[in-house]
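Asker: Per our numbering, the very first residue in the first sequence carries number 58; after that it's consecutive. Here a beta-carbon is modelled for each residue, glycine too, at the ideal position from N, C-alpha and C.
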Amino acid sequence: MPSANRTPRLRAARRIRFSGAMHVSFNLAADLDPALKSAALAAGLPDAAAFTPEIRTADPKHGDFQANGTLGFAKARKLNPRAVAEQIVTALPASIRESYDVSIAGPGFINFTLKPAMLLAWLRAYSTPAALTAGAASAHAGQTWVVDYSSPNTAKQMHVGHLRSAVIGEAICRLLTFTGAKVIRDNHLGDWGTQFGKLIYGFKRWADPVALATDPIEELERIYKLGHAATPDDSPELDEARRELVALQNGDPESVALWKKFSDVSLAAFQQIYDRLGIRFDYNLGESFYNDKVGRVYSELLGTKIAEDSAGALVVFHDEHPRFSRNTERPNPFMVRKADGASGYASTDLATALYRTEHFGAHGIVVVTDFRQGDHFEQLFLTVKKWFAAKHYRLPELHHVTFGAVTGEDGKALKTRDGGTIKLKALLDEAEERAFAIVTEKNPDLPESERRDIARAVGIGAVQYADLSQNRSSNYVFSWDKMLALDGNTATYLLYAVTRLHSIFRKLNLPAGDTAQESAASPLETSAELTLARKLAKFPDAIRLAADSLRPHFLCLYLYELAGEFSAFYTSDKVAVDEAPVRARRLLLCSRTLLTLETGLHLLGLRTITRM
RNA sequence: GCGAGCGUAGCACAAUGGAUAGUGUAGUGGCCUCCGAAGCCAUUGAUCCGGGUUCGACUCCCGGCGCUCGCACCA
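#1: Assuming residue 591 and residue 89 make a contact with CB atoms under 8 Å, what is their CB distance in whole Å?
#2: What residue ranges within the region 461 to 502 form continuous alpha helix (DSSP H) runs of no fewer than 4 residues, ordered along the chain?
#3: In three-state terms, what does DSSP make of residue 652?
#4: Measuring only the C-alpha atoms, how far is residue 510 from residue 655?
#5: If the criterion is Cβ atoms closer than 8 Å, does the pair residue 644 and residue 632 meet it?
#6: Return the CA-CA distance between residue 383 and residue 269, expressed in angstroms with no decimal places.
#7: Distance check for residue 575 and residue 641, CA to CA, integer angstroms please.
#8: Determine the DSSP secondary structure at residue 340, reduced to helix, strand or coil.
#9: Which residues in the same chain have their Cβ closer than 6 Å to the Cβ of residue 205, if we skip the five residues on either side of it in sequence?
#10: Starting from residue 355 and walking both ways along the alpha helix (DSSP H), at which residues does that stretch end?
#11: Classify residue 213: buried if its beta carbon has 16 or more other beta carbons within 10 angstroms, exposed otherwise.
#12: Taking the beta strand (DSSP E) that residue 240 belongs to, which residues open and close that run?
#13: Among 554, 319, 182, which residue has its Cα nearest to the Cα of residue 260?
#14: Just the Cα atoms here: how many angstroms apart are residue 444 and residue 543?
#15: Per DSSP, which one or two residues make a beta bridge with residue 114?
#16: Does the distance from the CB of residue 224 to the CB of residue 524 come in under 8 Å?
#17: Going by DSSP, which residues form a beta bridge with residue 202?
#18: Give me the DSSP bridge partner(s) of residue 566.
#19: Three or more C-beta pairs under 8 Å: does that hold for the region 622 to 629 against the region 577 to 586?
#20: Taking only the alpha-carbon atoms, compute the straight-line gap between residue 481 and residue 492 and give it to the nearest angstrom.
#21: Is residue 148 near residue 96, with beta carbons less than 8 Å apart?
#22: Figure out for me which residue from 570, 546, 545, 547 has the closest Cα to the Cα of residue 689.
#23: Sort 179, 209, 218, 229 by Cα distance to residue 249 and report the nearest one.
#24: Give a yes or no on contact between the region 187 to 196 and the region 431 to 449, applying the rule of three or more CB pairs nearer than 8 Å.
#25: What are the boundary residues of the alpha helix (DSSP H) that residue 664 is part of?
#26: Assign residue 534 to one of three DSSP states: helix, strand, or coil.
#27: Does the structure place the region 302 to 313 close enough to the region 277 to 288 that three or more beta carbon pairs sit under 8 Å?
#28: Within a Cβ cutoff of 6 Å, which residues of the same chain sit near residue 408, ignoring the five residues on either side of it in sequence?
#29: Can you check whether the CB of residue 253 is closer than 8 Å to the CB of residue 220?
#30: Mind listing, in chain order, the continuous beta strand (DSSP E) runs of no fewer than 3 residues lying wholly within the region 97 to 183?
#31: I think residue 577 touches residue 637, with their Cβ atoms under 8 Å apart; what is that distance to the nearest whole Å?
#32: My output table needs one value for residue 247: the three-state DSSP class, helix, strand or coil.
#33: Give the C-beta separation of residue 396 and residue 369 to the nearest angstrom, bearing in mind that I take them to be a contact with Cβ-Cβ under 8 Å.
#34: For residue 365, does the three-state DSSP call read helix, strand or coil?
#35: Should residue 207 go down as buried or exposed, given a rule of 16 or more other Cβ atoms within 10 Å for buried?
#36: What does the Cβ neighbour count give for residue 406, buried or exposed, with the cut at 16 atoms within 10 Å?
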């Protein structure tokens, strides 16, 4: 029987070469849509040109992908959906049949299950960070996106309410970069406005040089509170504070020097937080930067008759809109210039949108703030659209990424002016301390410096992940235990999976994610291997979902499930077995899982570690 | 008053109009002589109420109820 023995081996060898040479799409589901459309035409279905396959990733118990489109298509034409599905499936091109097991289920769903050989071909094709990046980079290739996030007020410490914008914004930046965009990170600081009159007023009276040297931002915050308390409405003190503001706006050297000092001190303090969160802005173009750019906004909005005078102020009504029309009980106009001639944040935001479009050539602008500013940004975007259309400026995509406010135990939003808010620095410190205690308990033999480093990654990661893993636009109540949880669907679980993977390669004395021995891999076989491989091949879908919707929690969910499949695989299938082909294919899975988890976690802004 | 967002097990969350609504945590019961138990396996438990659209609704529409927030010179 030598020939019978020989033939399959030859075929297998050819198969591998063939798989290596043929094009394997990064996003596998993308191949199904055109294939089903042409199958519908080839099957001669009535009105086949109108058929849309509606490809979705499927519940794993049904397969990898499913086509839902036959149901609606058949019903609308009084056809039997299962019969339609059968005609389409029969007409499917051979390439699809080679890659998938195809079945029809229930009322007419078409299910596609990737064949093990196709899974392996995909895993071989996307084996490096460069391959993943190249695969993902088509979505926003050649585009420039400006992301406006964090954006705290200067002269105040960041508190827990500032966390969400910073963490979500950074993850969005990384997702956009990964999908091919050139991203400009812009910190739109609140560094201009009436509060600086009060701050200078207070500074001149109560500044403590010693405190200013040791903890400047704390001292500035103290001074501002004093200044605010000392200048009640209609008081002569408030008039004095206003004079300070006018002096600043008129360029009085002493006032400008003070203002500059406040900004520098604040930025330095913010950067300490940003460093811990892995954030580095390209620009810190705060409101002050647009101070001399609002004049053009006024004249162009007036010239195009988009803005009008109302009670002495310059405002924009959107009469076609139910809420922003002048014809409502309590009109809510977009206030471009106040009656006293001063600019507000509407005018600086308009100037900002123009600057980002003209100077940065933005294709898209993303602003990350909590939902309370929803009306403002809706009005802003409506106004920008009319303005840019009237002046024939190119209109970028405008996105307001909202999220719920962080509230206290009473359900009320935390506010800076009230005492008792939790400082962001204190939160991060506490996170690291809790993580350090756990690391020390679990792994007391590691040197302290390494335990400290691990605690930073785990503790900060827990805080980041807590904010990223939920989509909710409703508020959430701040809780130390919730924010710093280290069990369950948390960063800890994902980092633990990463460290186990590193440990496997360490034990075998192979470089992390080693791919050298993969050619020896035998076909995927066990249930745990196949389940893990299927999950790995869904990475592109998770990226697409998260990047398209600007919702990082889709990526969190995917990574958590991937780590779960890995943990199950790790428990049931030993990697370091003696049979070389089995070991090779399991190491291939480990290598790819490590690559995917680390790539995904870095996209979320988390730092990964090799031991914990 | 007008409007927006939210309402899913005890608690905290998920579900791009699809199949038996998923997970964590807490509870219960198992699993370390064996690549790391910060883990794995099993199990109890839920869509605010009432209509509508759809072959199919947590999801879309209408009407209630509840919570949070926004509504002219603060940002």
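Answerer: For this structure:
#1: With a Cβ gap of about 15 Å, residue 591 and residue 89 do not count as contacting.
#2: 481 to 499
#3: helix
#4: 17 Å
#5: yes
#6: 49 Å
#7: Rounded to the nearest angstrom, the two C-alpha atoms are 5 Å apart.
#8: strand
#9: 243, 245, 424
#10: 351 to 360
#11: With a threshold of 16 other beta carbon atoms within 10 Å, residue 213 meets it and is buried.
#12: 239 to 243
#13: 319
#14: 49 Å
#15: 122
#16: yes
#17: Note: residue 202 sits in a beta bridge opposite 240, 421.
#18: Per DSSP, none; premise fails for residue 566.
#19: yes
#20: One C-alpha to the other measures close to 17 Å.
#21: yes
#22: This structure cannot settle anything about residue 689, because the visible part of the chain is limited to 58 through 669.
#23: 209
#24: As far as the Cβ criterion goes, the region 187 to 196 does not touch the region 431 to 449, which means the pair count is below three.
#25: Here residue 664 belongs to no alpha helix (DSSP H), and DSSP marks it neither H nor E.
#26: In this structure, residue 534 counts as strand in the three-state DSSP scheme.
#27: no
#28: 347, 350, 351, 354
#29: Not closer than 8 Å, so no.
#30: 112 to 114, 122 to 124, 157 to 162, 166 to 171
#31: 6 Å
#32: strand
#33: 4 Å
#34: strand
#35: buried
#36: Residue 406 is classed as buried because its beta carbon has at least 16 other beta carbons within 10 Å across all chains shown.
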